Amino acid sequence: MKPVVIAKITGYAALLILYTPVAMAVTAESSEPLYFTMGFFFGSVITAIITCYLSRHFHKKYKKMLLQLKLAKNNNKIAEQTMKSLTEEQQDSQDLLEERVQERTLELNIALQELESANQELERKNVLDELTGLHNRRFYDQKILAEYRRSRRNLTPLSLVLIDIDHFKLVNDNYGHLAGDQCLIWLSKHIKQSLKRSADKAFRYGGEEFCLILPNTDVEGALLLAEQLRLLLNEQVFIFQEIEIALTISCGICTYQQEVDIGPEQIFSGADKALYQAKNNGRNQTQQYILTE
Numbered sequence: 113m114k115p116v117v118i119a120k121i122t123g124y125a126a127l128l129i130l131y132t133p134v135a136m137a138v139t140a141e142s143s144e145p146l147y148f149t150m151g152f153f154f155g156s157v158i159t160a161i162i163t164c165y166l167s168r169h170f171h172k173k174y175k176k177m178l179l180q181l182k183l184a185k186n187n188n189k190i191a192e193q194t195m196k197s198l199t200e201e202q203q204d205s206q207d208l209l210e211e212r213v214q215e216r217t218l219e220l221n222i223a224l225q226e227l228e229s230a231n232q233e234l235e236r237k238n239v240l241d242e243l244t245g246l247h248n249r250r251f252y253d254q255k256i257l258a259e260y261r262r263s264r265r266n267l268t269p270l271s272l273v274l275i276d277i278d279h280f281k282l283v284n285d286n287y288g289h290l291a292g293d294q295c296l297i298w299l300s301k302h303i304k305q306s307l308k309r310s311a312d313k314a315f316r317y318g319g320e321e322f323c324l325i326l327p328n329t330d331v332e333g334a335l336l337l338a339e340q341l342r343l344l345l346n347e348q349v350f351i352f353q354e355i356e357i358a359l360t361i362s363c364g365i366c367t368y369q370q371e372v373d374i375g376p377e378q379i380f381s382g383a384d385k386a387l388y389q390a391k392n393n394g395r396n397q398t399q400q401y402i403l404t405e
């Protein structure tokens, strides 16, 4: 309650009490009614003042509580909306992250496949002769050592056959190097067809010289294979641009049968000596070199 209102009420009460006719009328017979009247009046005034004050105080407090409750509800609503937005953003971010992970995983798998293909192609180039498709000299050096060790471990024979095209220089000189390349490809095809076992390997050792590694093959088996190939080529004709070119080969054989102090180099040297003997004896034949301890 405002101070002005309280002052007015107090003033009116004092005026009423001090008003002479009223006072005299009240106090004419006795003073007790006056005291009672004044006590009752002032008690009522004070009660009214306290009631007004408490009513106004609790009304303000109630309005303040309502305001706080409203603010709390608004804050709670805002918090719920914020939480919902954060949850949606988090879900969107998680979905985007999963999508990007899947994309990167797919890209990585593709890259790994491409790398594997490139490695296989590189490995193929490292072990194969690009022109003929046979194994190359580098792979021969690895393979002969492995088969030599296997032969020693299993006590089995190991045969090596060297093959050389007779008068190959004349093919290049008369028909050109393209004819020479086609001649090497043609011979390589027949060499591949002559090998019946997966363990037998054919190599282009260098130029027009080829080599066969025949594991677990004795002298008779190596000689039979070389002669079959040589005789087959005698019956075949190499054709280059509708030109028929007769070709023959010479072969040298060396078989390792657990001789002492004999290694891959000595086996190859023996086959090379046999090949030289075949060429020196007139070509188009197969010769054998026997290792001695």
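Using our numbering, the first residue of the sequence shown is number 113, and each one after it goes up by one.
Backbone N, C-alpha and C fix where the C-beta goes; we use that ideal spot for every residue, glycine too.
Treat the numbers as computed from the prediction; the structure is a model and nothing was measured.
Looking at the backbone, the Cα of GLY364 and that of THR268 are separated by about 20 Å. Proximity of the segment 282 to 297 to the segment 340 to 347 falls short of the contact definition, fewer than three beta-carbon pairs being nearer than 8 Å. Proximity to ASP373 across ARG212, TYR260, GLY292 peaks at TYR260, based on C-alpha coordinates. Judged by DSSP secondary structure, ARG316 falls within the beta strand (DSSP E) whose first and last residues are 313 to 318. Shown here, ILE277 sits in a strand according to DSSP, grouped into three states. Shown here, SER362 sits in a strand according to DSSP, grouped into three states. Rounded to whole angstroms, the gap between the alpha carbons of ARG216 and GLU226 is 15 Å.
Distance from the CA atom of ARG316 to the CA atom of VAL273, rounded to whole angstroms, is 12 Å. Counting only unbroken stretches of 4 or more residues, the alpha helix (DSSP H) elements lying wholly within the segment 320 to 393 are 331 to 347, 376 to 392, in sequence order. For GLN400, the enclosing beta strand (DSSP E) starts and ends at 398 to 401. Cβ contact annotation for VAL239 (same chain, cutoff 8 Å, sequence separation greater than five): HIS247, ASN248, ARG250, PHE251, in chain order. If you draw a straight line from the Cα of GLN203 to the Cα of LYS176, it comes to about 40 Å. Rounded to whole angstroms, the separation of the alpha carbons of GLN389 and LEU296 is 22 Å. Counting C-beta pairs closer than 8 Å gives three or more between the segment 320 to 330 and the segment 299 to 307, which meets the contact rule. In the structure shown, SER167 falls within a helical segment according to DSSP collapsed to helix, strand and coil.
Excluding residues up to 5 positions away in sequence, LEU359, THR360, ILE361, SER362, LYS391, ARG395, ASN396 lie with their Cβ nearer than 8 Å to the Cβ of ASP278 in the same chain. A distance of 8 Å or more separates the beta carbons of PHE380 and TYR287. Less than 8 Å separates the beta-carbon of ALA334 from that of THR367.
Spanning the alpha carbons of SER300 and LEU209 requires a straight line of approximately 55 Å. A direct Cα-to-Cα measurement between LYS189 and ASP207 gives close to 27 Å. In summary, ASP253 is exposed, with fewer than 16 beta-carbon neighbours lying within 10 Å of its beta-carbon over all protein chains present.
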